[in-house]
Amino acid sequence: MIITTTEGKPVKQYFVPAGEAAIWVTEQGNPEHPTLLFVHGFPDDHRVWSAVIEQLENDYHILTLDLRGAGNSTRPEDRSAYRIERVIPDFAAVMDHVVPGKPVHLVGHDWGSTLCWSFVSDPQLASRLASYTSLSGPHVGLLWQWINQQVRSASISGMQKALAQLSHSWYIFAFHIPKLPETLFTRFGTKLWPFAMKQGGVPEDDDYLEHSENDIRSVTLDTIELYRQNAFKPPPVPAPGSIQVPVQLVLLQQDPFIRPYIFENLEQYVPNLTRRTLDSNHWAPRSHPQQVAQLIDRHVKSVAKRKKDNASNAA
914 MIITTTEGKP VKQYFVPAGE AAIWVTEQGN PEHPTLLFVH GFPDDHRVWS
964 AVIEQLENDY HILTLDLRGA GNSTRPEDRS AYRIERVIPD FAAVMDHVVP
1014 GKPVHLVGHD WGSTLCWSFV SDPQLASRLA SYTSLSGPHV GLLWQWINQQ
1064 VRSASISGMQ KALAQLSHSW YIFAFHIPKL PETLFTRFGT KLWPFAMKQG
1114 GVPEDDDYLE HSENDIRSVT LDTIELYRQN AFKPPPVPAP GSIQVPVQLV
1164 LLQQDPFIRP YIFENLEQYV PNLTRRTLDS NHWAPRSHPQ QVAQLIDRHV
1214 KSVAKRKKDN ASNAA
C-alpha cells in the first residue's frame, strides 16, 4: 500500500514476514540514498519517529517498523516470543527483504535502543550495519553488570548511583505485577497516556498525544512482555571490545528513566563510540526532532567520511 504525507511524498506500507511474526514496515525516500532503519520503544510504535523523519526524508532512504506485538505488526501468543534473542532477528528480516546486501544505519529509542544493543552485539547481525545511533536504552546485560559493580565496589558514590538508577526504574518492577499494567492501560489508558507522555517531555501541542483506546492497547498489552521476559533475565554481556559497529550514544540529560552515568564504561565494549549530549527529556524524538535528526545525519556522514578516508589511505 502507498500513502502520501502531508507534503505529498509517497510512503510505502507493507508487512515483512519474520518467522513467527509479520512486521509492519514503512518505507520512504530515495532507495539510492543511505538507508536508515528506525526502531521504536515502549509504549510506542513507528509513529514516534515521524517528526524526525520529516527532517531527513529528502536525503535518506528511510525505514520504520512496528515491533512484534506493537502497532500493526502481529502479536505472537507465546510470551517467550518477546525474548530479545527472538525479537532482534525481525530487524534483519526487514533489512534482507527491503535492502538485501546494503549496509543499514540503525537508530533506536527506549526499548528500540535496548534491542538494537543486542543486535550490534551479535557479529553476524551486526555485519548488516553501517552504524548505530542509540537514544535512551542500554544493553540489559551491561546495565545489570554495571549495577552489580557499583554495589560490590563498596563505594558510597557507586552505590548511590546504582540505587538512583533502580529508583528511576520503579515502573519495571510494577510491570511485573500480574494483570496490573493490563488493567491500567485498558481502563485508564486515555488518561495515563497523555500524562506519561507529557512527563517524558512530549510537547503539549504535539498530536502524538492523541491516541485512541485502541491505539494505546496496541502499543502496551503485548509489548509489556519485553519487560517481563528480559528485564531480570538479561542477554549475555558482550566481550570487551567486541562491538565493532560505529556507535553514536546520545545522552538525554533530563531523562527521568535512564541516567547518563550508567554508560560510563561503555568504551570498554565499543571501541568506536561517539558520545553526544542533548538537553532533553525521554521522548526526544518528539520534543527535539530537529536536533535528533541533525545528530543522526552528522553521525552517518562522519562514518561515511572515515570509511572513505580509510579506503584512500589503503590505496
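No gaps in the numbering here: position 135 of the sequence shown is 1048 in the numbering used here, and each next residue is one more. Beta carbons: idealized from backbone N, C-alpha and C, even for Gly.
* Asked: If you count every other CB in all the chains shown that lies within 10 Å of the CB of Ser1044, and 16 or more means buried, which is it?
  -> buried
* To do: Under the assumption that Tyr1140 contacts Ile1085 (Cβ atoms under 8 Å), give the Cβ distance between them as a whole number of angstroms.
  => 6 Å
* **CA-to-CA distance, Arg1100 to Ile1156, given in whole angstroms** => 43 Å
* Counting Cβ pairs, one atom from each stretch, are 3 or more of them under 8 Å apart for the region 979 to 994 and the region 1131 to 1148? -> yes
* **Lys1146 versus Lys1104: straight-line alpha-carbon distance, rounded** => 31 Å
* Supposed close pair Val1053, Asn1178 - CB separation, criterion 8 Å -> Contact flag wrong, Cβ pair sits at about 15 Å.
* Asked: If we count the other Cβ atoms within 10 Å of its Cβ and call it buried at 16 or more, is Pro1280 buried or exposed?
  -> Residue 1280 is absent from the structure shown; the chain starts at 914 and stops at 1228.
* Sequence-distant residues of its chain with Cβ nearer than 6 Å to Tyr973 (five each side left out) -> Gly942, His946, Pro947, Leu949
* Is the Cβ-Cβ distance between Arg1189 and Val1163 less than 8 Å? -> yes
* Asked: Under three-state DSSP, which class holds Pro1116?
  -> coil
* **C-alpha distance - Ala931 paired with Lys1214, whole-angstrom precision** => 30 Å
* Asked: Taking C-alpha atoms, which residue in Asp1035, Cys1029, Ser1070 lies nearest to Ser1047?
  -> Cys1029
* Asked: Nearest CA to the CA of Gln1037: which residue from Thr987, Arg1211, Pro1016?
  -> Pro1016
* First through last residue of the beta strand (DSSP E) which encompasses Phe1004 -> No beta strand (DSSP E) contains Phe1004, which is instead part of the alpha helix (DSSP H) from 1002 to 1011.
* **Supposed close pair Pro1107, Leu1122 - CB separation, criterion 8 Å** => 5 Å
* Alpha carbon to alpha carbon, how far is Pro1184 from Val1000? -> 26 Å
* **Boundaries of the beta strand (DSSP E) in which Glu940 is found, first to last residue** => 934 to 941
* **Classification of His1089 by the beta-carbon crowding that lies within 10 angstroms, buried from 16 upward** => exposed
* **7 Å CB neighbourhood of Arg1172 in its chain, flanking five on each side removed** => Ala1077, Gln1078, His1081
* From the DSSP output, which residues share a beta bridge with Ser1047? -> Gly1021, Leu1162
* Asked: Taking the runs of the alpha helix (DSSP H) that are 4 residues or longer, which of them lie wholly in the region 945 to 977?
  -> 963 to 969
* From Lys1111 to Asp1120, what distance separates their C-alpha atoms? -> 12 Å
* To the nearest angstrom, report how far apart Phe955 and Asn1226 are at their CA atoms. => 43 Å
* Please go through the same chain and pick out, in chain order, the residues whose beta-carbon is closer than 7 Å to the beta-carbon of Arg996, but skip the five residues on each side of it. => Gln1142, Asn1143
* Whole-angstrom distance between His953 and Gly1025, CA atom to CA atom -> 5 Å
* Sort Asn1223, Pro1148, Arg1041 by Cα distance to Gln1058 and report the nearest one. => Pro1148
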